[in-house]
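Here the sequence shown stands for residues 4 to 204, numbered as in our numbering.
Using N, Cα and C, we set each Cβ at its ideal position, and we do this for glycine too.
Please read all numbers here as calculations on a predicted model, not as lab measurements.
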Amino acid sequence: MNFFSGLTLLGGLAMFLYGMRLMGDGLKQSSSGTLKQIMERVTNNTFKAFLLGVAVTAIIQSSTATIVITSGLVGAGLLTLRQSLGIIIGANVGTTVTGQIIRLLDMDAGGSWLQIFQPSSLAPIALIIGIVMIMGMENRVRNAKQIGNIAIGFGILFSGLLNMTSAVSALSESQMIKDLFTGIGENPLAGYAAGTAVAVS
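Structural data, given as structure tokens:
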């Protein structure tokens, strides 16, 4: 990784964090008792929350997206930590479900209509919706600014995530990184420790 890749990585991280904050603030401002009641109904037991996580991830084809959205809902007070756990577990299962469906159908996701649900498509769509709501619908739609901020936050967040992914893609060609992951793969305890450390940080 060279200097410019590092710069892209840090810029992507900045976009990711700012997008998450903007989305969280928008959710807090527009959160209502009705929305909270709906979220409580669909996540009032772990199994229902698990199924919700699987379904959302299967549709948008990104467990990261589901987990980030869930984190935003927890931060906005619309979900509790207990409710979010089932969704997060379901999100990780949903990723494998999507992969298997595409494989079984022998379908090229890049050339199908499913591509619209990928983060690379969702990010610009969310940004477009956000700017239209803020600049064109503020006087026509109730809470248009809050909805626009949520959408723009979502779009910025995923643009940052895509930038970070692009910046670290060069690492996949590094022999040192390959050897590191091979070593971790041969030692399950080291793998769990590494995963925990990255998740906590």
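Rounded to the nearest whole angstrom, the C-alpha separation of I187 and N146 is 49 Å. At the C-beta level, I137 and K148 come within 8 Å of one another. Look at N47 here: in three-state DSSP terms it is coil, with no helix or strand label. If you look at Q149, you'll find it in the alpha helix (DSSP H) that goes 147 to 171. For T67, the uninterrupted alpha helix (DSSP H) run begins and ends at 66 to 78, by DSSP.
Distance from the Cα of A68 is smallest, within the candidate group M23, R85, F53, for M23. For M140, the secondary structure class from DSSP, reduced to helix, strand or coil, is coil. Distance from the CA atom of L76 to the CA atom of I41, rounded to whole angstroms, is 12 Å. By the neighbour-count criterion, in which 16 or more other beta carbons inside 10 Å mark a residue as buried, F50 falls on the exposed side.
With the rule of 3 Cβ pairs closer than 8 Å, the stretch 9 to 24 counts as touching the stretch 165 to 173. The C-beta of P122 has 16 or more other C-beta atoms within 10 Å across all chains shown, which makes the residue buried.
Contact annotation, A52 with I70: C-beta distance approximately 13 Å; criterion of less than 8 Å not satisfied.
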